[in-house]
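The structure under discussion appears below in the form of structure tokens.
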Amino acid sequence: MNAHGPQIRHRAVALLRNGVRNADVARELGIPAGTVSYWKHLDRTERGEPPEARYARCPRCDGVLDQAAYAYLLGLYLGDGHIIQNRAMRTPGLSIACADTWPGLIDLCERAMRAVFPENSVCRVRRKGYREVKMYSKHLWCLFPQHGPGRKHERSVALTAWQQSLVDAHPWALIRGLIHSDGCRNMNWTTRIVGGERRRYEYPRYFFTNKSDDIRKLYTDTLDKLGVEWTHCTRAGEEYNISVARRASVALMDAHVGPKY
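Here the sequence shown is numbered in our numbering, starting from 6 and rising by one per residue.
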């Protein structure tokens, strides 16, 4: 049932065929812009016209890429992100998994996506215990050439020359993204003998865990350039964990990264 009546629709379609913009048709006839867009789509389909082509600019090739936002988003992608395109999808989609425990992280992720892809829509999909922050773009392959079949830790992951140059210019943004995806700031503890008594001491540290040798090396190489001291924490014979616990280094991390929230 057409709530607006056939006469209104015919009038709208006539205006559209004469080149009047959707918004102007909606304003003149007092109907929602979404309805006008739908009628236009139906009219073009009935006449056998192909969908209107819309050229979406590539943030890197055609526009001005927000480099700091991209370096942060790259860190999130390398940790908890993936790109997918199956037969049912015309456009590849980027998805970053963000735990419900850190609502501030979800906001930061969405903000970074919108900054890197200002012409694209970003949405959140509710999952059990987390949110998928998602967007779709034909230019994802250009922005994230690390994409490939299989899990990241089972294939080579290396930055291109332009990505490395960008990371060198915004190293803390990358570190923040990596920590926000696969890291944390927590309190560690140890005991010491003082005056013949064993006392417990607590101290903050940053922890980063990733199975990919390449991604861990990208993290530690960037820390080296920033003057942050780190160590491997071997568990069950595996060096998946990187610890930053020296007081001066933790202070640097606190100043530029900080705990999740």
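Built from N, CA and C at the ideal position, the CB exists for glycine as well.
Asked: Report the rounded CA-to-CA distance for Ile13 versus Gly39, giving the unit in angstroms.; Found: 14 Å
Asked: Any contact between the segment 175–182 and the segment 69–76? By contact I mean 3 or more CB pairs, one from each, below 8 Å.; Found: yes
Asked: So is Met192 buried or exposed if we call it buried at 16+ other beta carbons inside 10 Å?; Found: exposed
Asked: Does DSSP classify Met6 as helix, strand or coil?; Found: In this predicted model, Met6 has a pLDDT of only 39, less than 50, meaning its place in the structure is not dependable; the value taken from the coordinates is given anyway. In the structure shown, Met6 sits in coil (DSSP, three-state: anything other than H, G, I, E or B).
Asked: Would you say the segment 226–233 touches the segment 241–258, given that touching needs at least three Cβ pairs under 8 Å?; Found: yes
Asked: Taking all protein chains shown into account, do 16 or more other C-beta atoms lie within 10 angstroms of the C-beta of Met6, making it buried, or fewer, making it exposed?; Found: Since pLDDT at Met6 reaches only 39, below the 50 mark, its modelled position is unreliable, and no value is offered.
Asked: At 4 residues or longer, and completely inside the segment 129–196: list those alpha helix (DSSP H) runs for me, N to C.; Found: 145–148, 166–174 and 176–187
Asked: Whose C-beta lies closer than 8 Å to the C-beta of Met140 among residues of the same chain, with five residues either side of it excluded?; Found: Gly98, Leu99, Met118, Phe122, Asn125, Ser126, Val127 and Cys128
Asked: If we ignore side chains and look at the alpha-carbon of each, how far apart do Gly138 and Thr50 end up?; Found: Checking the sequence, you will find Val at residue 138 rather than Gly. Computed Cα separation, rounded: 32 Å.
Asked: Look up Ala28 in the DSSP assignment and say whether it is helix, strand or coil.; Found: helix
Asked: Give me the residue from Gly35, Val18 and Gly153 with the minimum Cα distance to Leu47.; Found: Val18
Asked: With H, G and I counted as helix, E and B as strand and the rest as coil, what does DSSP make of Leu99?; Found: strand
Asked: Taking Cβ to Cβ, would you say Gly232 is nearer than 7 Å to Gly80?; Found: no
Asked: Apart from the five residues just before and just after Leu110, which ones in its own chain have a Cβ nearer than 6 Å to its Cβ?; Found: Cys103, His185 and Lys265
Asked: Within 10 angstroms of the Cβ of Trp44, are there 16 or more other Cβ atoms? Answer buried if so, exposed if not.; Found: buried
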